[in-house]
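Undergrad: Protein sequence lines, in the order shown, are assigned to chains A and B. Residue 0 is where the first sequence starts when you use numbering that gives the first Met the number 0, and the numbers rise one by one after that. Residue 0 is where the second sequence starts when you use numbering that gives the first Met the number 0, and the numbers rise one by one after that. For reference, the structure I am asking about is given below.
2 protein chains.
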Amino acid sequence: MGTKTFTGEFRYSIDAKGRLNIPAKFRKALPETSEDTFVVTRGEEENIAVYSLDKWREKEQELLTLSSKLRAHRAYKRQATRFATPLKFDSQGRVAIPANLLQHAGVDKDVVIIGMIDEIEIWDPEILKRYEETEFQLDAEDIEAIDKYTRSS
Amino acid sequence: MGTKTFTGEFRYSIDAKGRLNIPAKFRKALPETSEDTFVVTRGEEENIAVYSLDKWREKEQELLTLSSKLRAHRAYKRQATRFATPLKFDSQGRVAIPANLLQHAGVDKDVVIIGMIDEIEIWDPEILKRYEETEFQLDAEDIEAIDKYTRSS
DNA sequence: CTAACTTGTGGTTAATAGTGGGTAATTATC
DNA sequence: GATAATTACCCACTATTAACCACAAGTTAG
Chain A
0 MGTKTFTGEF
10 RYSIDAKGRL
20 NIPAKFRKAL
30 PETSEDTFVV
40 TRGEEENIAV
50 YSLDKWREKE
60 QELLTLSSKL
70 RAHRAYKRQA
80 TRFATPLKFD
90 SQGRVAIPAN
100 LLQHAGVDKD
110 VVIIGMIDEI
120 EIWDPEILKR
130 YEETEFQLDA
140 EDIEAIDKYT
150 RSS
Chain B
0 MGTKTFTGEF
10 RYSIDAKGRL
20 NIPAKFRKAL
30 PETSEDTFVV
40 TRGEEENIAV
50 YSLDKWREKE
60 QELLTLSSKL
70 RAHRAYKRQA
80 TRFATPLKFD
90 SQGRVAIPAN
100 LLQHAGVDKD
110 VVIIGMIDEI
120 EIWDPEILKR
130 YEETEFQLDA
140 EDIEAIDKYT
150 RSS
């Protein structure tokens, strides 16, 4: 029944209490073991990254293999976890996104929610548009490198 | 149910009596066997490291494998142990952090508490900011090494 | 075509969390 | 051994968060 992946784009808005509705389609794609919980954190770009609790646990397991004795390892682990917050959605399917994440993504009210198979991104509409015109552009060289990468896996 | 790990960042303050509140989220993540107890000690950087009592016991076990004949081992073991203090939090969820640790972390009143999955760090806001701009920066080489490290585990 | 359900959005109430202070019990100091 | 200082144990206030209830627009089912 249905796909267990996140696809598509939605334009929602954050209410006065900082709550954001997660598209029903995405909530239904959550495995039972995620316990109605998404994990939000800073995205690499000017956005908010959202993972299923399962996906996040995988990431944690990977981070736990790092050594607490090595400075670079600690720094990486710290950066990866300090902004991560698990959020259980309420009976209406909404989550309250922490203020510091909203600030990082430059979000005020309206947002664009993008499904990216195993993760979700939340963008401010204007910022997204700006990125589309610049950072998102790939030249032939980029595409070629990606093609090589996927073939080797 | 829920996550049993420490994630996220909080900005709290130490009151006039030297008490610091541990985020409720972190207290709830403590296993029963930790008996409402955290172990605080010096962090590797200019901060305070906090572990669950369980995690600390693990660390002790690891230290016990070191040789008491080797000078470096003794020094490492001594350094890791001498500042460690178990703290049981009060009915409001607060702990009284030893003065020498506060001094080591350069903390006076306001602190940033960072969840790092299986450990917690307490920072002075200004010092943290300073580190963000310098020590925390990782170059491509570091990232690559970390990627290799996690893949080999 | 209509009724039942789903979905996104809004508000109200109750519980929890963080902070501050007071008093009793312990420990330390002279 | 008396006194001062520190620590532990309660009680209290306020802001934030979580749990409930409600509703209109859109969709699906019969």
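Virtual Cβ for every residue (Gly too), placed ideally from N, Cα, C.
#1: Along chain B, which residues have their Cβ under 9 Å away from the Cβ of Gln102 (chain A)?
#2: In terms of alpha-carbon separation, which member of B:Phe37, B:Glu8, B:Ser66, B:Leu69 lies closest to Trp55 (chain B)?
#3: By the criterion of Cβ-Cβ separation under 8 Å, what are the contact partners of Thr80 (chain B) in chain A?
#4: Pairs of beta-carbons, one from the stretch 39-49 of chain A and one from the stretch 126-139 of chain B, closer than 8 Å: are there three or more?
#5: Do Pro85 (chain A) and Thr40 (chain B) have their beta-carbon atoms positioned less than 7 Å apart in this structure?
#6: Measure from the alpha carbon of Glu132 (chain B) to the alpha carbon of each residue in A:Glu59, A:Gly42, A:Gln78, then state which is nearest.
#7: Compare the C-beta of Leu19 (chain A) against all C-beta atoms of chain B and say whether one is closer than 7 Å.
#8: Does DSSP put Arg93 (chain B) in a helix, a strand or coil?
#9: With DSSP as the reference, please indicate the residues paired to Tyr11 (chain B) in a beta bridge.
#10: Contact check, Ser33 (chain B) vs Asp53 (chain B) under 8 Å by CB: the rounded distance?
#11: Tell me which residues share the same chain as Val106 (chain B) and place their Cβ nearer than 6 Å to its Cβ, disregarding the 5 neighbours each side in the sequence.
#12: With DSSP run on the structure shown, which of helix, strand or coil describes Met0 (chain A)?
#13: Under 7 Å between C-beta atoms, does Asp138 (chain B) make it to chain A?
#14: Residues of chain B with CB closer than 7 Å to the CB of Tyr75 (chain A), please, in chain order.
#15: Between Phe5 (chain B) and Glu118 (chain B), what straight-line distance do the alpha-carbon atoms span, to the nearest angstrom?
#16: Are the CB atoms of Thr64 (chain A) and Ser51 (chain B) nearer to each other than 7 Å?
#17: Excluding the 5 residues preceding and the 5 following Ala95 (chain A) in the sequence, name in chain order all residues of the same chain whose CB lies nearer than 6 Å to its CB.
#18: With DSSP collapsed to three states, give me the class of Ser51 (chain B).
#19: Take the Cβ of Ala23 (chain A) as the centre, count every other Cβ of all protein chains shown within 10 Å, and call the residue buried at 16 or more, exposed below.
#20: Find the residues of chain A that neighbour Glu134 (chain B), judging by a C-beta separation of less than 9 Å, and give them in chain order.
#21: Quick one: grab the DSSP three-state call for Thr32 (chain A).
#22: With C-beta atoms as the reference, is Tyr11 (chain B) less than 7 Å away from Ile112 (chain B)?
#23: Output needed in chain order: residues of the stretch 116-128 of chain B with a Cβ under 8 Å from some Cβ in chain A.
#24: Grouping DSSP H, G and I as helix and E and B as strand, with all else coil, what is Thr84 (chain A)?
#25: Identify, in the order they occur along the chain, each residue of the same chain with its Cβ nearer than 8 Å to the Cβ of Phe88 (chain A), setting aside the five sequence neighbours on each side.
#26: Return the residues of the stretch 35-65 of chain A that lie within a Cβ-Cβ distance of less than 9 Å from chain B, sorted by chain order.
#27: Would you verify that the beta carbon of Thr149 (chain B) is, or is not, closer than 7 Å to some beta carbon of chain A?
#28: My understanding is that Gly42 (chain B) touches Thr80 (chain A), with C-beta atoms under 8 Å, so please give their C-beta distance in whole angstroms.
#29: I'd like to know whether the C-beta atoms of Glu8 (chain A) and Thr149 (chain B) end up nearer to each other than 7 Å.
TA: Answer, in terms of the structure:
#1: In the first sequence, counting from the first residue as 1, residue 102 (chain A) sits at position 103. In chain order: nothing, as chain B lies at least about 13 Å away.
#2: For this step, residue 55 (chain B) is matched to residue 56 along the second sequence. Ranking the options by Cα distance to Trp55 (chain B), first place goes to B:Phe37.
#3: Residue 80 (chain B) sits at position 81 when you count from the first residue of the second sequence. The premise fails here: Thr80 (chain B) is roughly 15 Å from chain A at the closest Cβ pair, so nothing lies under 8 Å.
#4: No: fewer than three Cβ pairs fall under 8 Å.
#5: Here residue 40 (chain B) is taken as the residue at index 41 of the second sequence, counted from 1. Here residue 85 (chain A) is taken as the residue at index 86 of the first sequence, counted from 1. Taking 7 Å as the Cβ cut-off, Thr40 (chain B) and Pro85 (chain A) do not qualify as a contacting pair.
#6: In the second sequence, counting from the first residue as 1, residue 132 (chain B) sits at position 133. Nearest C-alpha to Glu132 (chain B): A:Gln78.
#7: Indexing the first sequence from 1 puts residue 19 (chain A) at position 20. It does not; no Cβ of chain B falls within 7 Å.
#8: Stepping through the second sequence from its first residue, residue 93 (chain B) is reached at position 94. Of the three classes helix, strand and coil, the one that applies to Arg93 (chain B) here is strand, per DSSP.
#9: Within the second sequence, the letter at position 12 stands for residue 11 (chain B). Answer by DSSP bridge pairing, in chain order: B:Val110.
#10: Sequence index remark: in the second sequence, residue 33 (chain B) carries index 34 (1-based). Sequence index remark: in the second sequence, residue 53 (chain B) carries index 54 (1-based). Right, the Cβ-Cβ distance comes to about 5 Å (below 8 Å), so this counts as a contact.
#11: Looking up residue 106 (chain B) in the second sequence gives position 107. For Val106 (chain B), where only same-chain residues beyond five positions count, the Cβ hits under 6 Å are Asp123.
#12: Your numbering for residue 0 (chain A) matches position 1 in the first sequence. Low confidence applies to Met0 (chain A): its pLDDT is 46, below 50, so where it sits in the model is not reliable enough to give any reading.
#13: For the purposes of this step, residue 138 (chain B) is taken as residue 139 along the second sequence, with counting starting at 1. Judged by the 7 Å Cβ criterion, Asp138 (chain B) is not in contact with chain A.
#14: By one-based count along the first sequence, residue 75 (chain A) stands at place 76. Under the 7 Å cutoff, chain B gives Leu137, Ile145.
#15: As a working mapping, residue 5 (chain B) is identified with position 6 in the second sequence. As a working mapping, residue 118 (chain B) is identified with position 119 in the second sequence. Distance between the alpha carbons of Phe5 (chain B) and Glu118 (chain B): 7 Å.
#16: Taking the first sequence and counting its residues from 1, one reaches residue 64 (chain A) at position 65. Taking the second sequence and counting its residues from 1, one reaches residue 51 (chain B) at position 52. Using a Cβ distance threshold of 7 Å, Thr64 (chain A) and Ser51 (chain B) do not count as a contacting pair.
#17: On the first sequence, position 96 is the one that residue 95 (chain A) refers to. The beta carbon of Ala95 (chain A) sits closer than 6 Å to the beta carbons of Gly17, Arg18 from its chain, once the five residues preceding and following it are set aside; these are given in chain order.
#18: Within the second sequence, numbered from 1, the residue matching residue 51 (chain B) stands at position 52. Strand.
#19: Indexing the first sequence from 1 puts residue 23 (chain A) at position 24. Answer is exposed; the Cβ neighbour count stays below 16.
#20: By one-based count along the second sequence, residue 134 (chain B) stands at place 135. Under the 9 Å cutoff, chain A gives Arg70, Ala74.
#21: For this step, residue 32 (chain A) is matched to residue 33 along the first sequence. Helix.
#22: Position 12 of the second sequence, counted from the first residue, corresponds to residue 11 (chain B). Position 113 of the second sequence, counted from the first residue, corresponds to residue 112 (chain B). When the beta-carbon positions are compared, Tyr11 (chain B) and Ile112 (chain B) come within less than 7 Å of each other.
#23: Result list: Ile116, Asp117, Glu118, Glu120.
#24: Within the first sequence, residue 84 (chain A) is the residue found at index 85, counting from 1. Judged by DSSP in its simplified three-state form, Thr84 (chain A) adopts strand.
#25: For the purposes of this step, residue 88 (chain A) is taken as the residue at position 89 of the first sequence. Here the set comprises Ile21, Arg26, Asp35, Thr36, Phe37, Val94.
#26: Residues are counted here when their Cβ sits less than 9 Å from a Cβ of chain B; for the stretch 35-65 of chain A these are Thr36, Val38, Thr40, Leu52, Trp55, Arg56, Glu59, Glu61, Leu62, Leu63, Thr64, Leu65, given in chain order.
#27: The residue you call residue 149 (chain B) lines up with position 150 of the second sequence. True, the Cβ-Cβ gap to chain A drops below 7 Å.
#28: Here the question's residue 42 (chain B) lines up with position 43 in the second sequence. Here the question's residue 80 (chain A) lines up with position 81 in the first sequence. The pair is not a contact, with the Cβ atoms about 15 Å apart (cut-off 8 Å).
#29: Mapped onto the first sequence, residue 8 (chain A) falls at position 9. Mapped onto the second sequence, residue 149 (chain B) falls at position 150. The Cβ atoms of Glu8 (chain A) and Thr149 (chain B) lie no closer than 7 Å to each other.
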